[in-house]
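Asks: Numbering (full-length UniProt numbering), first residue to last: 1 to 272. Glycine included, every Cβ here is placed at the ideal spot set by N, Cα and C. This is the structure I have questions about; it appears just below.
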């Protein structure tokens, strides 16, 4: 039952807000609580942001993101890519060095992100991907810019602090408390480390957490097939009327009304 629930949770979309961004030189040294963007989203190839020549003593750089609460109730709500000589935007932090070796993060560009308090945030970044060939952001993503020959994109969503903190627990027909008779031996989730940059590989008794890296897009049978309305219906298309009392909602209104962040499910998983 427990393994089945974990499999179900892994299949759910992770729309939790990003809380930290960093760059590492060795992808096997990803900081604890972070996931490394090791593969590109479109072709599932190496997402190295340095792209050193094969014959010149290869160096590598990989982006890492975290969704754990490292920064005292702060989340990332904006991401920018600027030239290495440009002034950092007001309120932004810059990823200047690799956290594992202290070397320069990337060449010619600077990755900047903005941290805001959760209780004052209206938007949050929920995912960051790297594209190797495509210059168009996938559906739901926004393109930030190019790093070497790669393209950086992010996904954002509206953020409601009161909804996240309340968790809608009152609507559940069961208790999430660890002392529940259903699972009396469960313990609460451990507190996150004080520093966002501890490495699981530094302690032989603590295995490094692994994350899925296969982000290649699976094409459906209808991929690329254009949609075209039958000619006999085009003549009546402009004559469609909306029934009285029916309000046509925009895409933004629909997403806002029916969005679900799975916060209750994630809380239940963390208590196991």
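What number of angstroms, rounded off, separates the C-alpha of residue 40 from the C-alpha of residue 130?
Replies: Their Cα atoms are separated by approximately 5 Å.
Asks: Looking at C-alpha atoms only, which residue of 140, 101, 154 is the closest neighbour of residue 25?
Replies: Residue 25 has its Cα closest to that of 101, out of 140, 101, 154.
Asks: What number of angstroms, rounded off, separates the C-alpha of residue 159 from the C-alpha of residue 119?
Replies: C-alpha separation (whole angstroms): 9 Å.
Asks: Please identify the residue among 135, 148, 91, 127 whose C-alpha is closest to the C-alpha of residue 48.
Replies: The residue with the shortest Cα to Cα distance from residue 48 is 148.
Asks: What first and last residue would you give for the beta strand (DSSP E) that runs through residue 121?
Replies: Careful: residue 121 lies outside any beta strand (DSSP E) and carries neither H nor E.
Asks: Name the two residues that bound the continuous beta strand (DSSP E) containing residue 154.
Replies: Unbroken beta strand (DSSP E) run through residue 154: 150-158.
Asks: In the DSSP assignment, what are the bridge partners of residue 141?
Replies: For residue 141, which the question treats as bridged, DSSP gives the partners 155.
Asks: Since residue 103 and residue 97 should fall inside the 8 Å C-beta cutoff, what is the C-beta to C-beta distance between them, to a whole number of angstroms?
Replies: Confirmed, about 6 Å.
Asks: Considering only the alpha carbon of each residue, which of 44, 153, 139 lies closest to residue 145?
Replies: Checked all of 44, 153, 139; the closest Cα to residue 145 is 153.
Asks: Under a Cβ-count criterion, where at least 16 other Cβ atoms within 10 Å of its own Cβ denotes burial, should residue 156 be classed as buried or exposed?
Replies: With 16 or more other Cβ atoms within 10 Å, it is buried.
Asks: Would you kindly check if the distance between the Cβ of residue 93 and the Cβ of residue 66 is under 9 Å?
Replies: Not closer than 9 Å, so no.
Asks: Could you compute how far the alpha carbon of residue 268 sits from the alpha carbon of residue 137?
Replies: For residue 268 and residue 137, the distance between alpha carbons rounds to 33 Å.
Asks: For residue 58, does the count of other Cβ atoms within 10 angstroms reach 16, so buried, or fall short, so exposed?
Replies: So residue 58 ends up on the exposed side.
Asks: Can you tell me whether residue 77 is buried or exposed? The criterion is at least 16 other CB atoms within 10 Å of its CB, across all chains shown.
Replies: Buried: at least 16 other Cβ atoms inside 10 Å.
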